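A quick write-up on the structure given underneath.
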Amino acid sequence: MQIIKIPGFAMEKTKGCKNTGNALLKSLRSFSFNEEGKNTEEVFLNLEEIHVNNISYEAKNSLIYKNALEIFDEQDRAIFLGGDHSITLPLVKAFLFHCKLETKAPCLIVFDACADCLEDTKDKSKSWLRELILLGFPPENILLVGTRNFSKNEKDFLKSQRVKMISINSFLENIENACDSVMEFSSGKILYVSFDFKSLDPFFMPCASELFPGGFSSRQIIYLIQRIKKIKSLKGIDLVELDSEKKESEQSLSLGAKILSEFL
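For the sequence shown, my numbering begins at 19 and goes up steadily by one.
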C-alpha cells in the first residue's frame, strides 16, 4: 500500500485543504496501531506526493492522471490524501482506464454530504461527479452514501443516470444490513472509495470544508470503513475536504487521522 499526498484545490474557499495531507500524517503519529492491530508507522515508509499546479486546472488534472495511472499499475492499493474533491476526477479517470486494461468492471462508492453534480459552475469540486459520468464512468456502478444536500438539477441528473444511493437513515435503522448492501454493490468489481469529510456530522468534524448537519457519527464511519477495507478488490481511496487551516482544527485532524488509520 502507498500513501500519496495531493495538495490540490479548485477554489480559494477550499485552499485550506491544501496542506491537510501533511497535517493528517502528523496526527497519525498519535495512533501507533489501528483497531485491528496494524502498525500505522509502516505508512511512513512508502509516502509520495504529486506536486500539482493549482493555478492551472488542466495541468493539475493531467499530472494527477498520469501519476495515478502508474500508481494503480504498481500498487495493490493506494490512499490519496487531498486536497479538495476536485482531485477525484483525474484519480477516478485513471482508475477507470486501469480497469479497462484489466478488463474488469469499475465500482465507485462516494461518501459525501453533497452530490457534486452541479453544472455551469467554476467550482470543480462541486461538479466532478457529473463530469466523470459524462466522460463515461458507468453510472450504474456508482453508489452515493450519506448524501443529503442536492439541488433539483442534481437530483434530476442522478435519477436520469440511475445512480444508486443509500441514505444515512438506512444506517440508523440497521447499520449491518446497510453495510452489507454497500459491500454487495461492489461484488465482482474493482472498487474505488472517495471519502469526503463532509459526510460526517459537523459535531464530529467541525473543520470540514463546509458544514452540513445530519451526517454520520465518528463511530458509524469507523465501523463502515472497517467493513469496506476488507473488500479484496478495493484498489484506491481518497480522503478530501478537511480544512486544516480552520481554527481549532485539532479535533478534526485527530478524527481524520483515526479514519486514515482504519483504512490501512
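The C-beta atom is built at its ideal place from N, Cα and C for all residues, glycine as well. Being a predicted model, the structure only gives us computed values, none of them experimental.
Identity of the residues DSSP links to residue i by a beta bridge
| i | result |
| --- | --- |
| G254 | A96 and Y210 |
| N167 | C132 |
| F234 | L218 |
| E53 | None, per the DSSP bridge assignment. |
| E88 | None; E88 has no bridge partner. |
| I21 | L65 and I97 |
| K140 | Answer is none; K140 lacks a bridge partner. |
| M223 | Answer by DSSP bridge pairing: none, since M223 is not bridged. |
| M183 | L162 |
Cα-Cα separation between residue i and residue j, rounded to whole angstroms
| i | j | result |
| --- | --- | --- |
| D224 | T38 | Rather than Asp, the amino acid found at residue 224 in this sequence is Pro. Approximately 14 Å between the Cα atoms of the pair. |
| F168 | A133 | 6 Å |
| L161 | F203 | 8 Å |
| C125 | S45 | 30 Å |
| Q93 | I193 | 31 Å |
| N85 | I68 | 7 Å |
| G34 | K122 | 37 Å |
| E60 | F90 | 20 Å |
| T58 | A275 | 10 Å |
| I82 | K182 | 27 Å |
| R245 | N195 | 12 Å |
| H103 | A77 | 16 Å |
| Y75 | D141 | 11 Å |
| S251 | M19 | 13 Å |
| S178 | F222 | 34 Å |
| S235 | G154 | 33 Å |
| M2 | I240 | There is no way to answer for residue 2, as the model of the chain reaches only from 19 to 282. |
| K265 | K31 | 15 Å |
Which of helix, strand or coil DSSP assigns to residue i
| i | result |
| --- | --- |
| F203 | helix |
| I127 | strand |
| L161 | strand |
| E66 | strand |
| I249 | coil |
| I105 | helix |
| I239 | helix |
| K265 | coil |
| I151 | helix |
| I73 | coil |
| L282 | coil |
| L260 | strand |
| A275 | helix |
| S45 | helix |
| A112 | helix |
Beta-carbon spacing of residue i, residue j below 8 Å
| i | j | result |
| --- | --- | --- |
| I186 | S199 | no |
| L218 | G233 | yes |
| I277 | I243 | yes |
| D256 | I151 | no |
| S72 | G26 | According to the sequence shown, residue 72 is Asn rather than Ser. Yes; because the gap between Cβ atoms is below 8 Å, this pair is in contact. |
| L273 | S262 | no |
| F129 | V163 | yes |
| F113 | R148 | no |
| C135 | E158 | no |
With 16 other Cβ atoms within 10 Å as the buried cut-off, status of residue i
| i | result |
| --- | --- |
| K118 | exposed |
| Q238 | buried |
| F281 | buried |
| A180 | Note on residue identity: the sequence assigns Arg, not Ala, to residue 180. Per the 10 Å Cβ criterion, exposed. |
| T139 | exposed |
| A226 | buried |
| N79 | buried |
| S143 | buried |
| F51 | exposed |
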